[in-house]
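Heads up: the sequence shown runs through residues -1 to 286, numbered per the numbering used here. Ideal placement from N, C-alpha and C gives every residue a C-beta, glycine not left out. What follows is one structure encoded as structure tokens, with my remarks underneath.
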Amino acid sequence: MTSTIDLHLHSTVSDGTDSPEELAEKVCRSGIRIFSLSDHDAVDGAERVRETLARLGAAAQGIRFINGVEFSCRDNEGKYHILGYGYDEGNSEVRKLADVAHRIRIGKLEARMDILQSQFDIELSEEEKENLRSEYNPGKPHLGRMLVKKGYAPDIQTAIATYMDPFRVRSLWISPEEAVTAIKDSGGIPVLAHGVFGSGQELLDREELEGRITRFQKEGLEGLECWYERYTPEQQAMMIELSRKYGLCATAGSDYHGKNKTVVLGDNHFEEGCEGSELLEAFLEKVN
């Protein structure tokens, strides 16, 4: 069942396959009434979404757009994704941190291209390298797509698993505390993304998850992603319980990436009036 709210969507500004314009058009046809573009480490798609909604006119009437971002974070204890909503889109700390993240991503891209050559004797042409560098925020899916195109893998997931995941790329990183602080300092609401799954690949136990929540709440964390496409009913119930326990609001997101994932737009298990819905309503009242 498709929800009427989806606060976790990705476009071509990060690692999705729909442009911000295409995504806004799909939202208008989907029945979703409230949505957010939360690209990885990037904020440049929000204005394009707003322009598209204005162009669509009556077709977009009654639809609420909330600007978002999803920072990929790391420290010596693990990896994390921090969502930010309703921040100042001008010369803000969020935008400054996104610029830092972009430079980090470019450095990791260069390292991965070096690994392809040194470990697999795969050398990309200068034109191919420049095409990758010109992406807003090039990540594993961008490089994987090129490897599929060149015939080195049958699909993006296999390309990533074969040519990237086995090799650790040394780089700088953004800490979760930096992300939470930047979002708060920009007038936004920081939210821990897909809590039980960490940065997306792990499966955390309750003790470790609560440790993260209490740690980040000291820096200003205000919400948890309580409805998410991959949650089991038990995991969803736990996230709602933890949101209440720590006095946090809640969000709902599908983590839609277009063709890069099998996730359906709006698929996050949230239904109006369901258990815990008042926590999401609190978020909607609070966000700018």
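Measuring only the C-alpha atoms, how far is GLU75 from TYR244? Approximately 22 Å, taken between the alpha carbons.
Quick check on this structure: which residue in LEU190, LYS24, SER169 and ARG210 has the alpha carbon closest to the alpha carbon of ASN61? The question names Asn, but residue 61 in the sequence shown is Ile. For the residues LEU190, LYS24, SER169 and ARG210, the minimum Cα distance to ILE61 belongs to LYS24.
Is the beta carbon of GLY218 less than 7 Å from the beta carbon of GLY84? no
What are the start and end residues of the alpha helix (DSSP H) that includes GLY14? Premise fails: GLY14 is in no alpha helix (DSSP H) and is neither H nor E.
Helix, strand or coil for SER275 per DSSP? Note: SER275 maps to helix in three-state DSSP.
Between which two residues does the beta strand (DSSP E) carrying GLY221 extend? 221 to 226
Bridge-paired residues (DSSP) for CYS247: According to DSSP, CYS247 bridges with GLY221.
Beta-carbon gap between SER252 and ASP265 smaller than 7 Å: yes
The region 34 to 50 contacting the region 63 to 71, beta-carbon criterion three pairs below 8 Å: yes
What separation, rounded to the nearest whole angstrom, lies between the Cα atoms of ALA248 and GLN117? Near 44 Å, if we compare the C-alpha coordinates of GLN117 and ALA248.
Backbone CA spacing between GLY88 and ASP119 [nearest angstrom]: 44 Å
For GLY209, count the other beta carbons within 10 Å of its own beta carbon; 16 or more makes it buried, fewer makes it exposed. Which is it? exposed
Could you give the C-beta distance for HIS6 and LEU95, rounded to a whole number, given that I count them as a contact under 8 Å? That belief does not hold up - the Cβ atoms of HIS6 and LEU95 are roughly 19 Å apart, past 8 Å.
If I follow the unbroken beta strand (DSSP E) through LEU190, where does it start and stop? 187 to 190
Quick one: residues in its chain with C-beta nearer than 8 Å to the C-beta of LEU51, no 5 flanking neighbours on either side, listed in chain order? ALA22, CYS26, ALA58, ILE61 and PHE63
Quick one: any contact between the region 136 to 151 and the region 199 to 206, if contact means 3 or more CB pairs under 8 Å? Touching, no.
For GLN234, count neighbouring Cβ atoms within 10 angstroms of its own Cβ and tell me buried if that reaches 16, exposed if not. buried
GLY66: first and last residue of the uninterrupted alpha helix (DSSP H) it sits in: Careful: GLY66 lies outside any alpha helix (DSSP H), inside the beta strand (DSSP E) at 62 to 73.
Measuring only the C-alpha atoms, how far is GLY105 from SER173? 17 Å
Given a threshold of 16 other Cβ atoms within 10 Å of its Cβ, counted over all protein chains shown, does GLY29 qualify as buried or as exposed? exposed
Mapping DSSP to helix, strand and coil, what is SER34? Here SER34 sits in strand by DSSP.
Can you check whether the CB of HIS8 is closer than 7 Å to the CB of HIS255? It is a contact, given that the beta carbons lie within the stated cut-off.
Considering only C-alpha positions, which residue in the set GLU227, SER169, TRP225 and GLY196 is nearest to ARG110? Nearest of GLU227, SER169, TRP225 and GLY196 to ARG110, Cα basis: SER169.
I'd like the span of the alpha helix (DSSP H) that includes TYR85, first residue to last. Here TYR85 belongs to no alpha helix (DSSP H), and DSSP marks it neither H nor E.
Return the residue from the list ASP86, TYR134, ASP16 and LYS138 that minimises the CA-CA distance to ARG101. TYR134
Given this structure, state the Cα-to-Cα distance separating LYS182 from PRO188, to the nearest angstrom. 7 Å
Just how far apart, CA to CA, sit LEU222 and VAL11? 24 Å
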